Each structure stands twice: as C-alpha cells, then as structure tokens.
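This report concerns only the one structure given below.
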Amino acid sequence: MTQFPACDRAWLHAAIDALEREAARSADTHLLKIELPGYAGIDFYFKDEAAHPTGSLKHRLARSLYLYALCNGRLRQGQPVVDASSGSTAIAEAWFARLLGLHFTAVMPACTAPAKIRAVEALGGSCDLVDDPAEVYERAATHARNGACHLDQFGLAERATDWRGNNNIAESILGQLTREPHAKPAWIVCGAGTGGTSATIGRYLRYRRLPTRLCVAEPSGRSFAHGWRSRRADACASQPTLIEGIGRARVEPCFLFDVVDAVLEVPDAASVAATWLLEEIFARRYGGSSGTNLVACLELAAAMRARGERGSIVSLLCDRGERYAETLFSSEWLDLHGIDPQPWHARLTRCLADGSAPLAPTA
Ligand SMILES: *Cc1c(COP(=O)(O)O)cnc(C)c1O
Numbered sequence: 012m013t014q015f016p017a018c019d020r021a022w023l024h025a026a027i028d029a030l031e032r033e034a035a036r037s038a039d040t041h042l043l044k045i046e047l048p049g050y051a052g053i054d055f056y057f058k059d060e061a062a063h064p065t066g067s068l069k070h071r072l073a074r075s076l077y078l079y080a081l082c083n084g085r086l087r088q089g090q091p092v093v094d095a096s097s098g099s100t101a102i103a104e105a106w107f108a109r110l111l112g113l114h115f116t117a118v119m120p121a122c123t124a125p126a127k128i129r130a131v132e133a134l135g136g137s138c139d140l141v142d143d144p145a146e147v148y149e150r151a152a153t154h155a156r157n158g159a160c161h162l163d164q165f166g167l168a169e170r171a172t173d174w175r176g177n178n179n180i181a182e183s184i185l186g187q188l189t190r191e192p193h194a195k196p197a198w199i200v201c202g203a204g205t206g207g208t209s210a211t212i213g214r215y216l217r218y219r220r221l222p223t224r225l226c227v228a229e230p231s232g233r234s235f236a237h238g239w240r241s242r243r244a245d246a247c248a249s250q251p252t253l254i255e256g257i258g259r260a261r262v263e264p265c266f267l268f269d270v271v272d273a274v275l276e277v278p279d280a281a282s283v284a285a286t287w288l289l290e291e292i293f294a295r296r297y298g299g300s301s302g303t304n305l306v307a308c309l310e311l312a313a314a315m316r317a318r319g320e321r322g323s324i325v326s327l328l329c330d331r332g333e334r335y336a337e338t339l340f341s342s343e344w345l346d347l348h349g350i351d352p353q354p355w356h357a358r359l360t361r362c363l364a365d366g367s368a369p370l371a372p373t374a
C-alpha cells in the first residue's frame, strides 16, 4: 500500500494552523461612517480594507487562496508558489508565503512599478518579469508545470472564498451594520478585478435573503461593463484605464454577472478626483479604485434622494494611497497621461453639498 507520508500531513496541519492563527490575531477592518450634507437621510459606510497588514483587500483573497490550495492537497512542504499579479495580490501572497516558510514568485509585466517589485522582494519573494503583459498567465502555468503551486487568483477567486459566511467580507459588513439605523443597505458598491469580491457579496445577499442590491463601479469602457450588459464572456475593453486593481481588459473567469444588479461606468478623471476627495473626507490617502467606488455611491445616492428614499449605501476603501504618490497624486504624472481631475473635483464637491448626481449629463 502506498501512503501519503505522515510528515506531509503534519506540515499541512501546521500550515493551516498558521493561517488560522494569523486570522485570529487580525482585527476586523473598520466600517467607517460618513455623512454628506447634500444627501440628507442617506448614510454612507466605507469598509477600510487598507487596514489589513498588507494594505489591501487582497489580504483576504491571499489567505483564502493558500487555504484552498492546502485543503485541496495542491500545496506541500517546501513547494514553491507562483501567481500572475502585478499588484496588491502579489504583495499579500508574498506575505503569506513568508508566514508559511514557502518561496513565492510573482509573474509580472516588465513595466510594473519598481516600488511594487521592491515590496514583493522585501517580503522574500521573487519577481519573474515578462515583456508582454498578456504572457503572464502562460508564464505562471510554466512555473506550475515545473512543480510550483499556482495560487491562480483569476481562476479561483470566486470559489476560494466561503460564500455562505465564515467571516467573508459580506458577512463582516452586515454584522457591523446590525445596530445602525438602516442595517440592511439599499446598495453595496464594489469594483471588479478578479471578480471575487462582487461574487462573494452578490451570493451572500441572496443567501441571506436581503433586499440589498449590488452595484459594480467600473472604469468607463472596460470589460465588466460590456460583458454584464451583453452577458458575453468574450467582451473586451473598449477604452484604456489608469485605475489599478479593477477595469480588466477581458472578462475574467470569476466574473459572475448574474449576481450584479447595476454597473456604473466612471471616467478615470472622476475616479482620480474622488480619490483626492477621499483624502479630504478621511484625512488619509486611498487608491484609485476607492475613488471609483465613491463616484458610484454618489450617483446611487442622488437617485435615492430624487425618489425621496432614505437608507444606507456601503462601499469599500480597497487599498492604501501611499503607493500612488508618484501617479494619481502627482500632477506631472496626470498631465503626462492627459487627465485633468480639476473639473471633476469641482463637480464632485458640489454634489457633496447639493446631493446632485455626478455622472448624469449636464443640462
Ligand atoms: C483586486 C482589487 C479590487 C477588486 O477586487 P476583486 O475582488 O479582485 O474583484 C479593487 N481594488 C483594488 C486596489 C484591488 O487590488
């Protein structure tokens, strides 16, 4: 009889223990409440996912992907780990690899910001840079054929997270709202990168039989918006975007269109202006996708206000803004990319005061 070596099972148990102890040591992220004078009667809540040890909502995903790989018997002691990611996921996955004593390689496009490469390397990970960004998936697959465990964020994000609860982001939000005046929100707003967050929230709202609707905030002309409208898995982006983490070029395998009730497309200049506004509101910086979320929240709130509805709207602050000092918070960089957030900043500031809709066409 051939047996699975007992030492492997002992390591597996210790690894799962290490992940559970990390979760037990971590506090839940804050649900920050803000009131915006123009939208009287509507309460806004923002879940501060920048507060995770690795600075973004990808901390949750990385923890789930490791646990999923371990429980599927795909990750053994001493095995190298790989994933295709140029952003927050690589940093979170490198962080957990260090926790588990494994070596992590991030497959990234060569044009990736040097600060991100340094962040992965500072956590003990390696970066495998490929010239053509479209090549990253194939390169990750090559690492996997050579024995690495492919965490596969784009392939597994929607199933690695336990959608029925187990302190997933949706359960956490609704639990934190329990004693609020509008404990069942009218809307939850999030972006779609892997699609994991929107899938988890959308399923959980149905499972818990809540009236809450889910809105995906998408950079204008990107694939989720086109795919959701046409219900086509082969939809592609029709415009570029500078917003990181969301606004994918192609429909990703974990995009679940059927649990999303609305998609709002936000121009990049509006997202950047809203990112600046978030700094004014919270006195700290968040990333561009958080700005995209804010614009969508205001648009939904204006419609509620126009119908005389009261209620709550919840969204996410997805990552820390420090990483964007040389990009979204640099006027030279914005000039270089032809983005002028000033008119949007003025418009959004007016919305906060008078409760109007930011995206509606001006008369
Ligand atoms: C990944 C990411 C998102 C989108 O979350 P998904 O669950 O992957 O769809 C939004 N913002 C940032 C900064 C991200 O890194």
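Numbering-wise (my numbering), the sequence shown opens with residue 12 and increments by one.
Where is the CB? At the ideal position from N, CA and C, for every residue including glycine.
Please read these numbers as outputs of a predicted model, since none were measured by experiment.
Could you check which residue in the options has the C-alpha nearest to that of residue i?
i: Ala152; options: His63, Ala95, Thr189, Pro144; result: Ala95
i: Cys265; options: Lys127, Gly206, Glu276; result: Gly206
i: Ala4; options: Ser99, Pro120, Ala228, Ser241; result: Past the boundaries of the shown model lies residue 4; the chain is included only from 12 to 374, so the question cannot be answered.
i: Phe57; options: Ala371, Gly366, Val325; result: Val325
i: Asp245; options: Glu255, Leu253, Thr252, Arg259; result: Arg259
i: Asp272; options: Trp355, Ala236, Gly299, Thr338; result: Ala236
i: Ala73; options: Val93, Asp59, Arg87; result: Val93
i: Gly52; options: Gly366, Leu370, Ala371; result: Gly366
i: Arg233; options: Leu359, His154, Val277, Leu288; result: Val277
i: Phe55; options: Leu188, Leu267, Ala181, Asp143; result: Leu188
i: Glu164; options: Asp19, Ala101, Gln250, Phe340; result: The sequence shown places Gln at residue 164, rather than the Glu named in the question. Checked all of Asp19, Ala101, Gln250, Phe340; the closest Cα to Gln164 is Ala101.
i: Asp39; options: Pro91, Ile180, Arg87, Ala133; result: Ile180
i: Tyr215; options: Thr172, Gly204, Gly238; result: Thr172
i: Val118; options: Ala371, His154, Glu337, Arg261; result: His154
i: Ser300; options: Asp330, Ser231, Trp239; result: Asp330
i: Asp143; options: Asp279, Trp174, Pro120; result: Pro120
i: Pro230; options: Phe340, Leu275, Ala80; result: Leu275
i: Phe340; options: Gly298, Ala368, Leu134, Ala194; result: Gly298
i: Thr286; options: Leu267, Leu185, Arg334, Glu146; result: Arg334
i: Arg295; options: Ser249, Tyr50, Asp59, Ala133; result: Asp59
i: Arg175; options: Ala368, Arg217, Ile199, Ala194; result: Arg217
i: Leu389; options: Ala194, Val270, Ala103; result: Only positions 12 to 374 of the chain appear in this structure, which leaves residue 389 out of reach.
Mind checking who residue i pairs with in its DSSP beta bridge?
i: Arg261; result: Cys247
i: His161; result: Val93
i: Lys58; result: Leu42, Leu327
i: Asp272; result: Paired residues: none, contrary to the question.
i: Asp19; result: Paired residues: none, contrary to the question.
i: Pro230; result: Val277
i: Met119; result: Leu140
i: Trp198; result: Arg224, Ile324
i: Ile254; result: DSSP, once it has assigned bridges, lists no residue as partnering Ile254.
i: Ile53; result: Gly322
i: Ser67; result: Asp330
i: Tyr423; result: Any property of residue 423 remains undetermined from this structure, which presents the chain solely from 12 to 374.
i: Tyr297; result: Arg331
Could you tell me if the beta carbon of residue i falls within a distance shorter than 7 Å of some heavy atom in ligand 2?
i: Ser282; result: In the structure on display, ligand 2 does not appear, and the ligands it does have are ligand 1.
Could you tell me whether any non-hydrogen atom of ligand 1 is closer than 7 Å to the CB of residue i?
i: Asp330; result: yes
i: Gly166; result: no
i: Ser209; result: yes
i: Lys69; result: yes
i: Ala203; result: yes
i: Gly298; result: yes
i: Ala99; result: What sits at residue 99 in the sequence shown is Ser, not Ala. True, at least one ligand heavy atom lies under 7 Å from that Cβ.
i: Glu255; result: yes
i: Gly206; result: yes
Can you give the Cα-Cα distance for residue i and residue j, rounded to whole angstroms?
i: Cys247; j: Ala21; result: 46 Å
i: Ala374; j: Cys362; result: Residue placement at Ala374 is flagged as unreliable, the pLDDT there being 44, under the threshold of 50; the coordinate-derived value follows with that caveat. Each residue's alpha carbon lies about 15 Å from the other.
i: Arg170; j: Leu162; result: 12 Å
i: Gly66; j: Phe107; result: 13 Å
i: Leu311; j: Leu225; result: 11 Å
i: Gly112; j: Ser97; result: 22 Å
i: Gly136; j: Pro125; result: 14 Å
i: Gln353; j: Ala284; result: 7 Å
i: Gly166; j: Asn157; result: 19 Å
i: Ala25; j: Arg32; result: 10 Å
i: Ala281; j: Glu291; result: 15 Å
i: Phe115; j: Arg85; result: 15 Å
i: Ala34; j: Glu320; result: 38 Å
i: Cys160; j: Gly89; result: 10 Å
i: Ala62; j: Leu328; result: 9 Å
i: Cys82; j: Asn304; result: 34 Å
i: Ala29; j: Leu23; result: 10 Å
i: Ala314; j: His41; result: 27 Å
i: Lys44; j: Gly202; result: 19 Å
i: Ser99; j: Asp139; result: 16 Å
i: Pro48; j: Pro196; result: 19 Å
i: Val131; j: Ala317; result: 47 Å
i: Ser183; j: Glu255; result: 25 Å
i: Ile350; j: Arg358; result: 15 Å
i: Pro222; j: Leu253; result: 33 Å
i: Ala371; j: Arg109; result: 47 Å
For residue i, would you say it is in contact with chain B, using Cβ-to-Cβ distances shorter than 8 Å as the test?
i: Arg242; result: Looking for chain B here will not work: only one protein chain is present.
* To do: Could you tell me which uninterrupted beta strand (DSSP E) segments, each at least 3 residues in length, are contained entirely in the stretch 121–150, listed from first to last along the chain?
  => 137–141
* Ignoring anything shorter than 3 residues or poking outside the stretch 304–359, list the beta strand (DSSP E) runs there in chain order. => 322–328
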